[in-house]
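Chemist:
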Amino acid sequence: AQTVTQSQPEMSVQEAETVTLSCTYDTSESDYYLFWYKQPPSRQMILVIRQEAYKQQNATENRFSVNFQKAAKSFSLKISDSQLGDAAMYFCAYRSAWASGGGADGLTFGKGTHLIIQP
Amino acid sequence: DTGVSQNPRHKITKRGQNVTFRCDPISEHNRLYWYRQTLGQGPEFLTYFQNEAQLEKSRLLSDRFSAERPKGSFSTLEIQRTEQGDSAMYLCASSLAGGITEAFFGQGTRLTVV
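Protein chains in written order, with my numbering: chain Z, 60 to 178; chain U, 3 to 116.
1) Bridge partners for residue 113 (chain Z) per DSSP, in chain order?
2) Give a yes or no on whether 9 Å exceeds the smallest Cβ distance from residue 37 (chain U) to chain Z.
3) In or out: residue 84 (chain Z) buried (at least 16 other Cβ within 10 Å) or exposed?
4) Given that a residue counts as buried once 16 or more other Cβ atoms are within 10 Å of its Cβ, and exposed if not, what is residue 175 (chain Z)?
5) Taking contact to mean at least 3 C-beta pairs separated by less than 8 Å, is the segment 102-112 of chain U in contact with the segment 50-63 of chain U?
6) Between Z:123, Z:143, Z:88, Z:152, which has its C-alpha nearest residue 113 (chain Z)'s C-alpha?
7) In whole angstroms, give me the CA-to-CA distance for residue 124 (chain Z) and residue 136 (chain Z).
8) Straight-line CA distance for residue 65 (chain Z) to residue 105 (chain Z)?
9) Suppose contacts are defined by Cβ-Cβ distances below 9 Å. Is residue 20 (chain U) in contact with residue 98 (chain U) by that definition?
10) At a Cβ cut of 8 Å, what residues of the segment 111-123 of chain Z count as close to chain U, listed as they run along the chain?
11) Closest to residue 70 (chain Z) by CA distance: which of Z:141, Z:86, Z:121 is it?
12) Is the Cβ of residue 58 (chain U) closer than 9 Å to any Cβ of chain Z?
Structure representation (structure tokens):
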């Protein structure tokens, strides 16, 4: 079974600064997908950024970028120019590329990192 | 389309009672997922449907839990004989397919068993 570990329960950053959230995962599969989701207080979870494991190029979405290190099984999220609206829980998630028995098509989430933006 | 809708948003029930939650996915999405999220944890996968077929169930889904998706549209999650350990946020998500496609989440139903 795959596991996702987020070792930072909480992170704090000054507005306009850059912050990096860590995520490591454990899998024996070679083909999979990785995601970062944001969950603002009392609001639904939304996708921030996604990465296909077979792509070496790191994904980027505006102020959000990832550092994907496949050999190290690491998938960190960098938020540049932090804004007050970035304050939320951030979850790293894994999905197998092959839907099969064992709930393979569901997302496996980490425990999350609570991001605080200091004005 | 207004996104994934879940009802009710909050439910308080006494231990031993049955509860049912509803999820209305984005209309063109053929996949629908149920997750459970407890305080301080990430969501945990429970089950998913492709159209009306329930394709996978997690070990977390005890026999007190049942989910349906009649006609491949909305889905219901029923918990029978609720226990205090069932208290959690129940999240529904939908997508066009698996893989890299984005899963859209609802706001969840918060269940409190007293």
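By construction, the Cβ of each residue, glycine as well, lies at the ideal position given by its N, Cα and C atoms. Quick caveat: nothing in here was measured; it's all calculated off a predicted structure.
Modeler: The relevant details are as follows:
1) Counting from 1 along the first sequence, the entry for residue 113 (chain Z) is found at position 54. Beta bridge pairing from DSSP links residue 113 (chain Z) with no other residue.
2) In the second sequence, residue 37 (chain U) corresponds to position 35, counting from 1. Closer than 9 Å to some Cβ of chain Z, the Cβ of residue 37 (chain U) qualifies, so yes.
3) Reading the first sequence from its first residue, position 25 is the one you call residue 84 (chain Z). If you draw a 10 Å sphere on the C-beta of residue 84 (chain Z), you find 16 or more other C-beta atoms in it, and that means buried.
4) As a working note, residue 175 (chain Z) is residue 116 in the first sequence. Label assigned to residue 175 (chain Z): exposed.
5) No contact exists between the segment 102-112 of chain U and the segment 50-63 of chain U.
6) In the first sequence, counting from the first residue as 1, residue 113 (chain Z) sits at position 54. Selected option, being the one with the closest Cα: Z:88.
7) Walking along the first sequence from the start, residue 124 (chain Z) turns up at place 65. Walking along the first sequence from the start, residue 136 (chain Z) turns up at place 77. The C-alpha of residue 124 (chain Z) lies about 6 Å from the C-alpha of residue 136 (chain Z).
8) As a first step, residue 65 (chain Z) is located in the first sequence; it is residue number 6 there, counting from the start. As a first step, residue 105 (chain Z) is located in the first sequence; it is residue number 46 there, counting from the start. One C-alpha to the other measures close to 18 Å.
9) The sequence position of residue 20 (chain U) within the second sequence is 18, counting from 1. The sequence position of residue 98 (chain U) within the second sequence is 96, counting from 1. Their beta carbons are not under 9 Å apart, which means residue 20 (chain U) does not touch residue 98 (chain U) by this criterion.
10) Within the segment 111-123 of chain Z, the residues whose Cβ lies closer than 8 Å to some Cβ of chain U are 111, listed in chain order.
11) Counted from its first residue, the first sequence places residue 70 (chain Z) at position 11. Cα-wise, what sits closest to residue 70 (chain Z) is Z:141.
12) By 1-based counting over the second sequence, the position of residue 58 (chain U) is 56. Taking Cβ atoms only, chain Z reaches closer than 9 Å to residue 58 (chain U), which makes this a yes.
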